[in-house]
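Engineer:
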Amino acid sequence: MKYLEAIGKYFIMIWEVFKKPTKWPIMKSLILKEIDDLIYGAMGIIIFISFFIGGVVTIQTALNLNSPLLPKSLIGFATRQSVILEFAPTFTSIIMAGKVGSYITSSIGTMRVTEQIDALEVMGVNSLNYLVFPKIIATMMYPFAVAISMFVGILGGWIAAVFGGYAPSGEFIQGLQLDFDSFHVTYTFIKSVVFAFVIATVPSYHGFYMKGGALEVGKASTTAFVWTSVVIIIANYLLTQLLLG
Amino acid sequence: MIEVEDIHKSFGDNHVLKGISTTFEKGKTNLIIGQSGSGKTVFLKCLLGLFEPEEGQICYNGQYYSELSTKERRNLRQEMGMVFQGSALFDSMTVEGNVMFPLDMFTKQSKAEMQDRVDFVLERVNLIDAHKKYPAEISGGMQKRVAIARAIVMNPKYLFCDEPNSGLDPKTAILIDNLIHEITQEYDITTIINTHDMNSVMEIGEKIIFLKNGYKEWEGTNKEIFKTENEAVTDFVYSSELFKKVRQMYIEERN
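So the protein sequences, as listed, match chains L and Z.
In the numbering used here, each number is its position in the first sequence, counted from 1, plus 635.
In the numbering used here, each number is its position in the second sequence, counted from 1, plus 33.
See the structure below:
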């Protein structure tokens, strides 16, 4: 019953976010600030993780292809498929749920605790639109981050393959091009848009409706990370079934 | 003027406000006092429109809040200024940004006009050199002044203050009290202050409402509070030895 109530409250929140919009010049500056905080600010960790994940996928694939009958190009093929289909969109999103999600919950939660949200309401500002809408729009830039993650992941794989002596560059690149289905990239971008929406809204919900003081802000951030991850994993399964199944 | 007619407010089984009726006059500093848990904050939030009472009416200059459309309520909100207990300044904005925020949100003034208005109100609250500072870089007393400046920048008809001098030293607390009182008279605002501070009660309480367990136990002025025989009020207001002696001296002087 508690969960049903929370789900209902979440969807009411989403509805409220799109009502009574803030003046465009103010909203524009808020969106740019959020892009800087949520996307640009997270690029370092995304690039770092993607590079090494790509490398690890390559090494593990290479170590498991023992048969001399299997061509080395399969290493490139497996790296491409793993990075594009799962590691870039899903793995990165879980990391983003931790980094960006906890930032969103704690920043909105602190505003709740210090009555800054009440101050907005008293002035007649739609606080949900003012606080959450720019975050949703900013995270719609997330597919660009995922595209960079895909590129860096594959680059990491290529470096690991070539410099680790697992596959020659030519064969690895040949594997990257093998049976390429462009819909897989579309599928990844669709997934990343859905995950971006989840990353922006689930932590906002936990921050906006939190009660208590500083300790509860910390607890809300943890809860937000757990629920954002759960929703991402469920959405990942449903979207995969829907788009590729 | 704000007229409150028999308002009730509950949260689940907790009946917080149990039929409060009163009038807050224009140009006067009205104080709500009472022990913690007496319903002061809930009452103030009802007056602000943040909570809607289950029963009763609140009338702002002849307009019943419950009869207003969403747009009219929004317009009414823009006629209200609020000073929160912890100031509630936006951390990410400078002092100037905080004060300019309502103008930026709700008016079509040019940047220069907004700047002039911000400079004027900051000067009015005696803050001259803090424009570019962030809330974390200024003292609690200065934060309260910024909050007052933000509350009056839109020329409100109603000013609400939730414990405006809590956490301040006595001298700064008196300065803040006097500033609110002066602004109330200068701009002919209906000011309502929620307070625990007995200095405020004695100094600026042109009308005082004492709440106890969700009921209005007593109302009167700061002159009348010296004479009242209401035991609940005297127990609360004169709980310290100092105030008991002050009251005794006042009564002896009058006799």
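Ideal placement from N, C-alpha and C gives every residue a C-beta, glycine not left out.
Every value quoted in this text rests on a predicted model; they were computed, and no experiment measured them.
Using the C-alpha atoms, what's the distance from Z/G45 back to Z/D152?
Structural biologist: Between Z/D152 and Z/G45, the C-alpha separation is close to 46 Å.
Engineer: Out of curiosity, what's the CA-to-CA distance linking Z/F57 and Z/I91?
Structural biologist: The alpha-carbon atoms of Z/F57 and Z/I91 are separated by roughly 11 Å.
Engineer: Please report whether the beta-carbon of Z/G119 lies at a distance below 8 Å from any beta-carbon of chain L.
Structural biologist: Yes, Z/G119 counts as interfacial toward chain L.
Engineer: Secondary structure at Z/T267, three-state DSSP: helix, strand or coil?
Structural biologist: Three-state DSSP puts Z/T267 in a helix.
Engineer: Z/L83 versus chain L: which residues are under 8 Å apart at the beta carbon?
Structural biologist: Correct list: D753, E756 and V757.
Engineer: Spell out a yes or no on whether the stretch 836-844 of chain L and the stretch 638-652 of chain L are touching, meaning 3 or more CB-CB pairs, one atom from each, closer than 8 Å.
Structural biologist: Flag = yes, the stretch 836-844 of chain L and the stretch 638-652 of chain L touch.
Engineer: Rounded to whole angstroms, what is the Cα-Cα separation between Z/I185 and L/I729?
Structural biologist: If I take the Cα positions, the gap works out to 45 Å.
Engineer: Could you check whether Z/S125 and Z/E87 sit closer than 8 Å to each other, using their CB atoms as the reference points?
Structural biologist: No, the pair does not count as a contact, with Cβ atoms beyond the cut-off.
Engineer: Which bits of chain Z does L/I661 rub up against, with CB to CB less than 7 Å?
Structural biologist: Correct list: D137 and M138.
Engineer: Does DSSP classify L/T693 as helix, strand or coil?
Structural biologist: If DSSP states are grouped into helix, strand and coil, L/T693 belongs with the helices.
Engineer: Considering only C-alpha positions, which residue in the set L/G842, L/S708, L/F653 and L/Y765 is nearest to L/V797?
Structural biologist: It is L/S708.
Engineer: Could you name the residues of chain L that Z/F123 contacts, counting a contact when the two beta carbons are closer than 7 Å?
Structural biologist: Chain L residues near Z/F123: Q751.
Engineer: On the DSSP bridge list, what partners appear for Z/W251?
Structural biologist: Per DSSP, Z/F243.
Engineer: From the DSSP output, read off the bridge partner residues of Z/H41.
Structural biologist: In the DSSP output, where bridge partners are listed per residue, Z/H41 has Z/K51 and Z/E88.
Engineer: Does DSSP put Z/N63 in a helix, a strand or coil?
Structural biologist: Strand.
Engineer: Cβ closer than 9 Å: which chain Z residues qualify as neighbours of L/K846?
Structural biologist: Ordered by position in chain Z, no residue passes the 9 Å Cβ test against L/K846, which lies about 12 Å from the chain.
Engineer: Look at the alpha carbon of L/F832 and the alpha carbon of L/S762, and state the distance between them as a whole number of angstroms.
Structural biologist: For L/F832 and L/S762, the distance between alpha carbons rounds to 18 Å.
Engineer: Taking the continuous alpha helix (DSSP H) assigned at Z/D149, which residues delimit it?
Structural biologist: Residues K144 to R157.
Engineer: I'd like to know whether the C-beta atoms of Z/K73 and Z/E239 end up nearer to each other than 8 Å.
Structural biologist: Going by C-beta atoms, Z/K73 is not nearer than 8 Å to Z/E239.
Engineer: Would you kindly report the start and end of the unbroken alpha helix (DSSP H) that includes Z/N188?
Structural biologist: Run containing Z/N188: none; DSSP gives neither H nor E here.
Engineer: For the stretch 763-772 of chain L and the stretch 666-673 of chain L, state whether three or more C-beta atom pairs, one from each stretch, are separated by less than 8 Å.
Structural biologist: At 8 Å Cβ cutoff, the stretches touch.
Engineer: Taking the CB atoms as reference points, tell me whether Z/N198 and Z/I209 lie closer together than 8 Å.
Structural biologist: In this structure, Z/I209 lies closer than 8 Å to Z/N198 by Cβ.
Engineer: Quick one: using the 10 Å Cβ neighbour count with 16 as the cut-off for buried, is L/M636 buried or exposed?
Structural biologist: By the 10 Å Cβ count, L/M636 comes out exposed.
Engineer: Exposed or buried, what is L/P703 when buried is set at 16 or more other beta-carbons lying within 10 Å of its beta-carbon?
Structural biologist: Burial call: exposed.
Engineer: For L/T727, does the three-state DSSP call read helix, strand or coil?
Structural biologist: If DSSP states are grouped into helix, strand and coil, L/T727 belongs with the helices.
Engineer: With distance defined between alpha-carbon atoms, name the residue in L/L873, L/G744 and L/I719 nearest to L/T821.
Structural biologist: For the residues L/L873, L/G744 and L/I719, the minimum Cα distance to L/T821 belongs to L/I719.
Engineer: Using C-beta distances below 7 Å, list every residue in its chain close to Z/L81, excluding the 5 sequence neighbours before and after it, in chain order.
Structural biologist: So the qualifying residues of the chain are M113, M115 and F193.
Engineer: Could you list which residues in chain Z have their beta carbon closer than 7 Å to that of L/V760, in chain order?
Structural biologist: Per Cβ cutoff of 7 Å: M138.
Engineer: Anything in chain Z within Cβ reach of L/K644, meaning under 9 Å, just list it in chain order.
Structural biologist: None at all; the shortest Cβ gap to chain Z is about 17 Å.
Engineer: Less than 8 Å between CB atoms is the rule here; does L/K658 satisfy it with respect to chain Z?
Structural biologist: So yes, L/K658 belongs to the interface.
Engineer: With a cut-off of 8 Å, does the C-beta of Z/R110 fall near any C-beta of chain L?
Structural biologist: With 8 Å as the cut-off, Z/R110 counts as an interface residue toward chain L.
Engineer: Per DSSP, what are the beta-bridge partners of Z/Q195 in this structure?
Structural biologist: Reading off the sequence shown, one finds Asp at residue 195 of chain Z, where the question assumed Gln. Z/N227.
Engineer: Of the choices Z/Q96, Z/G67 and Z/T267, whose alpha-carbon is the least far from that of Z/V37?
Structural biologist: Closest option to Z/V37, Cα to Cα, is Z/Q96.
Engineer: Using a threshold of 7 Å, is the CB atom of L/I752 nearer than that to any non-hydrogen atom of the ligand GDP?
Structural biologist: Looking at this structure, you won't find the ligand GDP or any other ligand, since it has none at all.
Engineer: From the beta carbon of Z/R178, is the nearest beta carbon of chain L less than 8 Å away?
Structural biologist: False, the Cβ-Cβ gap to chain L never drops below 8 Å.
Engineer: Count the other CB atoms within 10 Å of the CB of Z/D202; is the residue buried (16 or more) or exposed (fewer)?
Structural biologist: Z/D202 is exposed by the Cβ-count criterion.
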